[in-house]
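Notes to accompany the following structure.
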Amino acid sequence: HDNVVGHFPSALGVDDFMARLEVALSGFGFTGDNTIAMTNLCRDEVTIPLKDKIESVFGGSFNTNGLGAVLTCGVTGMGAGLSHSPVCDGKEHYVFFAFPHIAINSAGEVGAIARPGRQNKSCACGALQKCLNELRAEGSEDNCK
1 HDNVVGHFPS
11 ALGVDDFMAR
21 LEVALSGFGF
31 TGDNTIAMTN
41 LCRDEVTIPL
51 KDKIESVFGG
61 SFNTNGLGAV
71 LTCGVTGMGA
81 GLSHSPVCDG
91 KEHYVFFAFP
101 HIAINSAGEV
111 GAIARPGRQN
121 KSCACGALQK
131 CLNELRAEGS
141 EDNCK
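Residue 1 is where the sequence shown starts when you use my numbering, and the numbers rise one by one after that.
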């Protein structure tokens with residue numbers, strides 16, 4: 001935790017974040033009974049605990065997962081998700097979660113992560129890092145067509 005706060009001084013743990021969010025949203029009438037979460041997280045398995053916490057508050061979520069929290073499900077995907085909320089008193093409630101992820105290991109290395117059963121360090125988010133490296137090396141002209 002200290003290594004994360006060293007890079008992100010106002011960072012909250014997932015339990016604290018979700019508890020604060022639940023209290024704040026309930027003040028606006030959003031509850032687990034009348035709201036569906038739309039989750040846009042990386043497909044990496046390290047995001048599963050966050051998704052589990054979201055779903056412990058709001059029930060099953062609609063998955064719009066993409067890379068770097070960029071929404072890539074398109075109009076059709078959003079339309080599908082926006083038809084899944086419970087209708088309560090004629091209203092639909094949605095809460096949107098879009099989070100990129102980055103690892104900070106116990107030594108304070110940014111991007112490095114230890115994965116169970118793997119001897120060497122891994123990267124989180126490896127796909128986003130690869131994309132960034134390609135853009136730096138080749139520029140956007142070759143990569144954004």
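All residues carry an ideal CB built from backbone N, CA and C; glycine is no exception.
query                                                                                                                               : result
Name the two residues that bound the continuous alpha helix (DSSP H) containing E55.                                                : 48-58
Using three-state DSSP, classify H7 as helix, strand or coil.                                                                       : helix
To the nearest angstrom, how far is the alpha carbon of V14 from that of E138?                                                      : 37 Å
Along the chain, where does the alpha helix (DSSP H) containing V14 start, and where does it finish?                                : 14-26
Bridge partners for L41 per DSSP, in chain order?                                                                                   : F99
Spatial neighbours of V5 within its chain, please: C-beta separation below 7 Å, excluding the five flanking residues on both sides. : A11
Ends of the alpha helix (DSSP H) at V75?                                                                                            : 74-81
Indicate whether V58 and V95 have their beta-carbon atoms separated by less than 8 Å.                                               : One point to set straight first is that residue 58 is Phe, not Val, in the sequence displayed. In contact: F58 and V95 (Cβ atoms closer than 8 Å).
According to DSSP, is C123 part of a helix, a strand, or is it coil?                                                                : strand
Taking only the alpha-carbon atoms, compute the straight-line gap between K158 and A69 and give it to the nearest angstrom.         : Outside the displayed span of the chain (1 to 145) sits residue 158, for which this structure offers no information.
When we look at the beta-carbon of R80 and count the other beta-carbons within 10 Å, is it buried (16 or more) or exposed?          : The amino acid at residue 80 is misidentified as Arg; the sequence shows Ala. With fewer than 16 other Cβ atoms within 10 Å, it is exposed.
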